[in-house]
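Numbering (UniProt numbering), first residue to last: 1 to 230.
No residue lacks a Cβ here, since even glycine has one placed at the ideal position from N, Cα and C.
Small disclaimer: the values here were computed from a predicted structure and weren't measured.
Read the structure below first, then the notes.
What follows is the structure, given as structure tokens:
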């Protein structure tokens, strides 16, 4: 049997073809769904607080309702500001002040259980590196559902930004679809919300000429990336 014939031998088990990557329309739809999901919780809480204020039978809960509205409004604002840079095509500037990126990240972590340890050396980051940093930070914080510390480090060397995220705490883990997305792989049977951010992060790094990787161990999640300075 020739090699060509052997390649099409029906007796040999055939490997399934890898799934096709999402189209631009599919990717946009999944990103939109992800963002809407994140915004829905605080928005719904604000509406619930307003309903309590309007209900004459719950006036004794007015103070609690006002507190709920204030906290939810702050969370919604922090998420909008963060996602505007992390996901959006916003900002005319090509370089972001690290102090602004830290403010955005601390605003996000104010609504997480994880503590933030910010160790970023450069004074500014270009747009791809800034977006990589923010997405890695969110993934790292969400990897600690019961608390812990997420340390973010960025150094500049040899024409590259080296970004590392170390999240340590009980029950630290990355979902399988997040690991797959970061590697540029498919989401499989999982819901797209967690996968699409990881896959989008992979695309940002790839388009910039950089790389991103992840590893999940016992009570530790490590995320790393690099991107060109120029």
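Taking residue i as the reference, which of the options has the closest Cα?
| i | options | result |
| --- | --- | --- |
| residue 129 | 32, 94, 31 and 177 | 94 |
| residue 202 | 177, 217 and 45 | 177 |
| residue 134 | 84, 113 and 170 | 84 |
| residue 105 | 131, 123, 121 and 25 | 131 |
| residue 112 | 103, 123 and 75 | 75 |
| residue 153 | 140, 146 and 80 | 140 |
| residue 160 | 205, 151 and 179 | 205 |
| residue 23 | 199, 55 and 70 | 199 |
| residue 19 | 147, 184, 40 and 119 | 184 |
| residue 110 | 98, 127 and 79 | 79 |
| residue 223 | 38, 173, 191 and 37 | 173 |
| residue 219 | 197, 70 and 146 | 146 |
Measure the CB-CB distance between residue i and residue j and report whether it falls below 7 Å.
| i | j | result |
| --- | --- | --- |
| residue 163 | residue 214 | no |
| residue 212 | residue 167 | no |
| residue 96 | residue 125 | yes |
| residue 52 | residue 82 | no |
| residue 115 | residue 77 | no |
| residue 169 | residue 136 | no |
| residue 43 | residue 68 | no |
| residue 194 | residue 175 | yes |
| residue 65 | residue 49 | yes |
| residue 209 | residue 186 | no |
| residue 121 | residue 155 | yes |
| residue 100 | residue 151 | no |
In three-state DSSP terms, what is residue i?
| i | result |
| --- | --- |
| residue 193 | helix |
| residue 215 | strand |
| residue 104 | helix |
| residue 228 | strand |
| residue 58 | helix |
| residue 97 | strand |
| residue 209 | coil |
| residue 124 | strand |
| residue 1 | Caution is warranted here: a pLDDT of 48 is assigned to residue 1, below 50, making its placement in the model unreliable, and the coordinate value is therefore given only provisionally. Here residue 1 sits in coil by DSSP. |
| residue 20 | coil |
| residue 144 | coil |
| residue 183 | coil |
| residue 80 | helix |
| residue 86 | helix |
| residue 174 | coil |
| residue 8 | Interpretation of residue 8 is limited by its pLDDT of 45, a score under 50 that renders its predicted location unreliable; the figure taken from the coordinates is listed afterwards. Note: residue 8 maps to coil in three-state DSSP. |
| residue 28 | helix |
| residue 188 | coil |
Could you name the residues that DSSP lists as bridge partners for residue i?
| i | result |
| --- | --- |
| residue 119 | 153 |
| residue 161 | 156 and 227 |
| residue 75 | None; residue 75 has no bridge partner. |
| residue 222 | 166 and 215 |
| residue 114 | 148 |
Any heavy atom of the ligand PLP closer than 6 Å to the beta-carbon of residue i?
| i | result |
| --- | --- |
| residue 124 | This structure does not include the ligand PLP; it has no bound ligands of any sort. |
Taking contact to mean at least 3 C-beta pairs separated by less than 8 Å, is the region 47 to 66 in contact with the region 22 to 35?
no
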